[in-house]
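Encoded as structure tokens, the structure appears first; notes follow it.
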Amino acid sequence: MTGNSAFAVETEDLVKVFGKNRAVDGVDLRVPAGTVYGLLGPNGAGKTTAVKMLATLLRPDGGRARVFGHDVVAEADTVRGRVSLTGQYASVDEDLTGTENLVLLARLLGHGRPAARDRSAQLLDAFGLAEAADRQVKNYSGGMRRRIDIAASILNTPDLLFLDEPTTGLDPRSRNQVWDIVRAVVAQGTTVLLTTQYLDEADQLASRIAVIDHGKVIAEGTKGELKASVGSGSVHVRLRDAEQRPRAERVLAGALRAAVQLDPDPVALTATVNGHDTDLGASEQAARALAELARAGITVDNFALGQPSLDEVFLALTDRKGSAA
Ligand SMILES: Nc1ncnc2c1ncn2[C@@H]1O[C@H](COP(=O)(O)OP(=O)(O)OP(=O)(O)O)[C@@H](O)[C@H]1O
Ligand SMILES: [Mg+2]
């Protein structure tokens with residue numbers, strides 16, 4: 002389908018500077034074709050700026066970027082023909098209805114009137130917007146609005162679709178609908194580059210993730226690799242008695258040789274089993290910690306060992322850098 006490169010996106014030392022602000026500060030990315038790739042980072046990390054350069058909307062100040070092997074500057078027209086962008090700030094016309102928007106955009110893409118109407122009806126139906134097809138978009142809910150944006154960006158099936166924070170501000174049900182749409186788009190062979198601030202979203206959709214902060218990639222890999230880089234597991238403990246928590250914290254910290262987090266719930270603690278400086282597996286270390294809590298006379302109501310969440314991964318990565326953000 003896409004031919005000339007195994008990578009949908011390849012960047013080398015990509016840079017964008019606004020005044021003194023290095024919004025994108027030497028980013029190397031490789032996005033395998035046919036997958037969802039997550040670009041994960043907090044506000045101002047440089048995600049939208051990076052995506053805009055890849056979509057040829059902003060010119061890089063340094064480095065190189067290729068989309069399916071085509072340089073985004075030298076071959077911008079070719080790149081533009083292969084990609085589609087659903088922006089953080091959407092592009093459909095508020096005063097037009099759902100159908101009118103899609104038909105208009107389809108005609109601009111060169112479809113004849115009957116084909117444009119067919120494709121619009123098909124997408125509105127697929128995205129659960131058939132009933133709202135004749136309503137003005139300004140009267141759509143946030144979730145409906147996001148869905149029509151994505152529908153508009155896949156009128157022609159792009160080889161590479163940029164989704165810039167597609168579910169920010171949506172309720173859980175609408176988020177799930179958007180996730181289903183993303184999965185359906187990928188099943189048809191499109192590569193998706195997804196930016197998000199939500200770790201669970203990257204966890205749900207992406208096969209690989211780059212964590213970006215202050216314009217730099219601070220970690221990259223599969224979800225499993227990112228989690229493993231931070232620790233092999235996470236121990237969650239609930240005590241019977243909140244007064245025992247300071248002592249439990251000391252015992253756990255000693256047994257696991259790890260920082261212990263005090264949860265908002267006054268009887269709960271969380272610790273990461275790091276697995277780096279010991280031969281013991283995560284479950285053995287956790288068992289030893291549990292035994293030491295018992296020996297110290299601390300009553301444990303509930304004890305669980307899990308994989309660290311991507312949230313914990315992100316916090317650990319940004320802490321490690323000593324980031325102020
Ligand atoms: N056109 C611009 N002119 C000047 N500064 C800009 C411009 N666009 C972005 N910036 C700055 O570049 C940095 C990165 O912004 P960017 O929009 O790429 O972040 P982001 O990761 O998409 O954040 P968010 O999650 O809030 O959307 C920020 O400091 C931002 O203020
Ligand atoms: Mg953004």
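Numbers in my numbering are just positions in the sequence shown, counted from 1, shifted up by 1. For each residue, glycine too, the CB sits at the ideal point set by N, CA and C.
Extent of the continuous beta strand (DSSP E) to which Ile213 belongs: What you label residue 213 is simply residue 212 of the sequence shown in a count that begins at 1. Unbroken beta strand (DSSP E) run through Ile213: Arg209 to Asp214.
Rounded to a whole number of angstroms, what is the C-alpha to C-alpha distance between Gly42 and Ala203? The count along the sequence shown starts at 1 and reaches residue 42 at position 41. The count along the sequence shown starts at 1 and reaches residue 203 at position 202. Their Cα atoms are separated by approximately 11 Å.
Taking contact to mean 3 or more Cβ pairs, one atom from each stretch, closer than 8 Å, check whether the region 188-206 and the region 30-41 are in contact. yes
Expected contact under 8 Å - CB spacing of Asp165 and Val28 to nearest Å: In the sequence shown, counting from the first residue as 1, residue 165 sits at position 164. In the sequence shown, counting from the first residue as 1, residue 28 sits at position 27. About 16 Å separates the two Cβ atoms, so there is no contact after all.
Alpha carbon to alpha carbon, how far is Leu156 from Lys322? Give it in angstroms, no decimals. Within the sequence shown, the letter at position 321 stands for residue 322. Within the sequence shown, the letter at position 155 stands for residue 156. Because the pLDDT at Lys322 is just 49, under 50, the model does not fix this residue reliably, and the value given afterwards should be weighed accordingly. Straight-line Cα distance between these residues: approximately 42 Å.
According to DSSP, simplified to helix, strand and coil, what is Val68? Translated into the one-based positions of the sequence shown, residue 68 becomes position 67. In this structure, Val68 counts as strand in the three-state DSSP scheme.
Tell me Asp165's beta-bridge partners as DSSP assigns them. On the sequence shown, position 164 is the one that residue 165 refers to. Answer is Thr196, bridged to Asp165.
Would DSSP call Ile299 helix, strand or coil? Counted from its first residue, the sequence shown places residue 299 at position 298. Three-state DSSP puts Ile299 in coil, outside helix and strand.
Pairwise C-alpha distance: Ala260 and Val410: Because the chain in this structure spans residues 2 to 326, residue 410 falls outside the shown range and cannot be described.
Who are the Cβ neighbours of Ala117 in its own chain at under 7 Å, not counting the five residues just before and after it? As a working mapping, residue 117 is identified with position 116 in the sequence shown. If we look at Ala117 and ignore the five residues flanking it on each side, its Cβ neighbours are Val104, Ala107 and Arg108.
Just to confirm my understanding: we take Ala216, look at its own chain, exclude 5 residues before and 5 after, and list those with CB closer than 6 Å. What are they? What you label residue 216 is simply residue 215 of the sequence shown in a count that begins at 1. One detail in the question is off: residue 216 reads as Gly in this sequence, not Ala. If we look at Gly216 and ignore the five residues flanking it on each side, its Cβ neighbours are Arg23, Ala24, Val25, Asp26 and Gly47.
Tell me the start and end of each unbroken alpha helix (DSSP H) in the region 60-125 that is at least 4 residues and wholly inside, in chain order. 77-83 and 99-109
Go ahead and label Pro61 buried or exposed: buried means 16 or more other beta carbons lie within 10 angstroms of its beta carbon, across all protein chains shown. Stepping through the sequence shown from its first residue, residue 61 is reached at position 60. Pro61 should be labelled buried.
In angstroms, rounded to a whole number, what distance separates the CA positions of Asp266 and Glu250? Numbered from its first residue, the sequence shown carries residue 266 at position 265. Numbered from its first residue, the sequence shown carries residue 250 at position 249. Near 14 Å, if we compare the C-alpha coordinates of Glu250 and Asp266.
Answer yes if the region 233-241 comes into contact with the region 302-309, meaning at least three C-beta pairs across the two stretches below 8 Å, and no otherwise. yes
By the 10 Å Cβ neighbour count, where 16 or more other Cβ atoms means buried, how is Asp160 classified, buried or exposed? Translated into positions along the sequence shown, residue 160 becomes position 159. So Asp160 ends up on the buried side.
Apart from the five residues just before and just after Arg241, which ones in its own chain have a Cβ nearer than 6 Å to its Cβ? Translated into the one-based positions of the sequence shown, residue 241 becomes position 240. Once the five neighbours on either side are set aside, the close Cβ partners of Arg241 are Thr300 and Asp302.
Would you list the residues sitting across from Tyr141 in a DSSP beta bridge? Numbered from its first residue, the sequence shown carries residue 141 at position 140. Per DSSP, none; premise fails for Tyr141.
Please report the distance separating the alpha-carbon of Leu97 from that of Ser154. Within the sequence shown, the letter at position 96 stands for residue 97. Within the sequence shown, the letter at position 153 stands for residue 154. For Leu97 and Ser154, the distance between alpha carbons rounds to 16 Å.
Boundaries of the beta strand (DSSP E) in which Thr223 is found, first to last residue: One-based indexing of the sequence shown puts residue 223 at position 222. Looking at the DSSP string, the run of the beta strand (DSSP E) that includes Thr223 is Lys217 to Thr223.
Is the beta carbon of Asn303 within less than 6 Å of some heavy atom of ligand 1? Translated into the one-based positions of the sequence shown, residue 303 becomes position 302. Checking every heavy atom of ligand 1 against the Cβ of Asn303, none is found closer than 6 Å.
Exposure of Ala292, with buried meaning 16 or more beta-carbon neighbours within 10 Å: The residue you call residue 292 lines up with position 291 of the sequence shown. Exposed.
Simplified DSSP assignment, three categories, for Thr12: For this step, residue 12 is matched to residue 11 along the sequence shown. Three-state result, Thr12: strand.
Ala77 beta carbon less than 7 Å from that of Thr57: Here residue 57 is taken as the residue at index 56 of the sequence shown, counted from 1. Here residue 77 is taken as the residue at index 76 of the sequence shown, counted from 1. For Thr57 and Ala77, yes; Cβs fall inside 7 Å.
Beta-carbon contacts of Arg81 that lie in its chain and below 7 Å, excluding the five residues immediately before and after: Against the sequence shown, residue 81 aligns to sequence position 80. Around Arg81: Thr57.
Taking a contact to mean a Cβ-Cβ separation below 7 Å, would you say Val274 touches Leu257 in this structure? In the sequence shown, the residue the question calls residue 274 occupies position 273. In the sequence shown, the residue the question calls residue 257 occupies position 256. Yes, the pair counts as a contact, with Cβ atoms nearer than the cut-off.
Is it true that the CB of Leu125 sits closer than 7 Å to the CB of Gly99? To locate residue 99, count along the sequence shown from 1; it is residue 98. To locate residue 125, count along the sequence shown from 1; it is residue 124. Cβ distance < 7 Å, so Gly99 and Leu125 count as in contact.
Consult DSSP for Ala272 and reduce its assignment to one of helix, strand or coil. Sequence index remark: in the sequence shown, residue 272 carries index 271 (1-based). In the structure shown, Ala272 sits in a strand (DSSP, three-state: E or B).
Can you tell me whether Glu313 is buried or exposed, with buried defined as 16 or more other CB within 10 angstroms of its CB? In the sequence shown, counting from the first residue as 1, residue 313 sits at position 312. Its Cβ being crowded by 16 or more others within 10 Å, Glu313 is buried.
Comparing the CB of Thr87 with every heavy atom of ligand 3, is any distance shorter than 6 Å? Ligands displayed in this structure: ligand 1 and ligand 2; ligand 3 is not among them.
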